[in-house]
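K.L.:
Residue numbers (the numbering used here), protein chains in the order written: chain H, 1 to 264; chain U, 1 to 267. Glycine included, each C-beta is placed from N, C-alpha and C at the ideal position. Quick caveat, the model's predicted, so the values are computed rather than measured. Let me begin by handing over the structure; questions about it come next.
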């Protein structure tokens, strides 16, 4: 019997740019009388020397995440030496223990506070990293920790790879998509009918409760400053469809952030 | 290893303590001493509900405490998760499901395969989650506990109120009282803390208050304590605060910290 909740999108694993692969599962969520989908995305970023995995998916997605990872590794990439959860809640680090066992050489980097309580026995592989620190993966690819403009848990950190110009945004740029239109595994720009503002509201309700009490203009200003500070070619969110035309799509996301408190 | 403590009639605090150093987020900047991480077993007759399950690092203590409490006194055990996507809420659920005859697990997201996060997925270590009904009480034996979303929260959260004993299970709020010594009981009838300590613990979890209009949160939180006769605050992190006077005092401390939070952003 197929899983009524978790979906293995047939388009994944999907190479977004050379050295950047999108994997993971999709989850059905009932929302206001219809069924929408949300990603728990995992990204595999490879340089010439080593590979880094951004986020892990929740425990329920493990079989799919592991199968996708094995496919990516079978296609050939440097050894996995770095695991980077964007923050310490289950959808983003729920499979961290399994990944540490699968890749015994890998270290966990980021704001790793609390993880020693969640994954006892792995303390020696936790590497605290802060904003501005960078993990070099070789060949110009590297993961720089940047401030999380949109966040929930205080351990949130975003990441940036200067080689590909990819911004990894964790809970930022989160919006659902529809299944009926075969939207799973598609980039945002491949879905012109996607109503980003409306589909952002579900996350405001589920995960970003604080948005309804907050003037989001300050967050938008900080987002604009971040995007202006470095070339961004790809935005790789944890729950939304990846973005390959940030200049156009970010405007819709900003409108969604401003509308979020009205929609919920 | 700490023993379970009965904090009110039929309500047992389970868990352990960890050093409140810079490796822990929840306790806030400048914390010292030891942080209790709690879950609670509510027993009424032969029916029991475990509210949250603690962190994996405390698993031996929690399994031991449950073993001693359940024995043959209870023949129905359920688990209730106040914050399903956080590890201090669901962290030991799979281990408890594997060890004890758990009848059901309740949480916000009815997704199978959520609980077991260590090792390969295994039979008997997971179970479907029954979605919390925000309009239905949590019935334990002959008591009906109120379940509601609190105004002070970060993620999807449920607070649970047992009117029979006046115990409010307040999940990740009111976690600002720590222990100097890990052997001290994590239940206090009197606690002196500075406003700065309360503020640090509050903002460790709810930093969003610094940029928010806090009117709704203040009014709704105050209304809960005006409406209800709360005799004990039973948080997921930090000491249990027991007694109407200590509850009133710490509610006021938290309300004050919320009032000051947006000013912090300006400072």
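(1) Excluding the 5 residues flanking residue 61/H on each side, which residues of the same chain have their C-beta closer than 7 Å to its C-beta?
(2) Can you find a CB in chain U that lies within less than 7 Å of the CB of residue 127/H?
(3) Is it buried or exposed, residue 266/U, if we count other Cβ atoms within 10 angstroms and call 16 or more buried?
(4) Tell me, please, whether the segment 29 to 46 of chain H touches the segment 223 to 240 of chain H by the rule of three or more beta-carbon pairs shorter than 8 Å.
(5) Under 8 Å Cβ to Cβ from residue 218/U, same chain only, skipping five residues before and after it: list those, please.
(6) Taking 7 Å as the CB-CB limit, is residue 118/H close to chain U?
(7) Give me the chain U residues within the contact set of residue 62/H, using Cβ-Cβ distance strictly less than 7 Å, ordered along the chain.
(8) To which residues of the same chain is residue 52/U closer than 6 Å at the C-beta, ignoring the five residues directly before and after it?
(9) Going by beta-carbon coordinates alone, are residue 154/H and residue 207/U separated by less than 7 Å?
(10) With 7 Å as the threshold, decide whether the Cβ of residue 136/H is near any Cβ in chain U.
(11) Are the beta-carbon atoms of residue 117/H and residue 55/U separated by less than 7 Å?
(12) Would residue 1/U be called buried (16 or more neighbouring beta carbons within 10 Å of its own) or exposed?
(13) Please decide whether residue 46/H counts as near chain U, where near means a Cβ-Cβ distance under 7 Å.
(14) For the beta strand (DSSP E) containing residue 81/H, list its first residue and its last residue.
(15) For residue 147/H, which residues does DSSP report across the bridge?
(16) State the start and end residues of the unbroken beta strand (DSSP E) segment that holds residue 70/U.
(17) At the level of alpha carbons, what is the spacing between residue 101/U and residue 15/U?
(18) Are the C-beta atoms of residue 28/H and some chain U residue less than 7 Å apart?
(19) Between which two residues does the alpha helix (DSSP H) containing residue 226/U stretch?
(20) I need the straight-line Cα distance from residue 243/U to residue 189/U, nearest angstrom please.
(21) Using alpha carbons as the reference points, say which of 256/H, 57/H, 79/H, 142/H lies closest to residue 105/H.
(22) Could you give the first and the last residue of the continuous beta strand (DSSP E) run that contains residue 275/H?
(23) If you pair each beta-carbon of the segment 104 to 116 of chain U with each one of the segment 52 to 69 of chain H, do three or more pairs fall below 8 Å?
(24) Name, please, each residue of chain H whose Cβ falls closer than 7 Å to the Cβ of residue 23/U.
(25) Which stretch, first to last residue, makes up the beta strand (DSSP E) that contains residue 6/U?
(26) With DSSP collapsed to three states, give me the class of residue 4/H.
(27) Is residue 8/U near residue 165/U, with beta carbons less than 7 Å apart?
(28) Considering only the beta carbon of each residue, do residue 205/U and residue 154/U sit closer than 7 Å?
(29) Excluding the 5 residues preceding and the 5 following residue 218/H in the sequence, name in chain order all residues of the same chain whose CB lies nearer than 7 Å to its CB.
(30) In the structure shown, what three-state DSSP assignment does residue 216/H receive?
(31) Taking DSSP as the reference, what is the three-state secondary structure of residue 236/H?
(32) For residue 138/H and residue 45/H, I'd like the C-alpha separation in whole angstroms.
(33) Where does residue 11/H fall in DSSP's three states?
(34) Alpha carbon to alpha carbon, how far is residue 233/H from residue 249/H? Give it in angstroms, no decimals.
(35) Can you tell me where the beta strand (DSSP E) holding residue 118/U begins and where it ends?
(36) Closest to residue 103/H by CA distance: which of 156/H, 120/H, 89/H, 82/H is it?
P.N.:
Reading from the atomic positions:
(1) 6, 24, 25, 40
(2) no
(3) For residue 266/U, the predicted structure reports a pLDDT of 38, less than 50, and the residue's modelled location is therefore unreliable. The matter cannot be settled from this model.
(4) yes
(5) 255, 258, 259
(6) yes
(7) 121
(8) 39, 82, 89, 236
(9) yes
(10) no
(11) yes
(12) exposed
(13) no
(14) 80 to 84
(15) 157/H
(16) From DSSP, residue 70/U is part of no beta strand (DSSP E) but of the alpha helix (DSSP H) over 59 to 70.
(17) 20 Å
(18) no
(19) 215 to 227
(20) 6 Å
(21) 79/H
(22) Residue 275/H lies beyond the residue range present for chain H, which begins at 1 and ends at 264; the question has no answer from this structure.
(23) yes
(24) 113, 116
(25) 5 to 8
(26) coil
(27) yes
(28) yes
(29) none
(30) coil
(31) strand
(32) 11 Å
(33) coil
(34) 11 Å
(35) Element bounds for residue 118/U: n/a, residue is neither H nor E.
(36) 82/H
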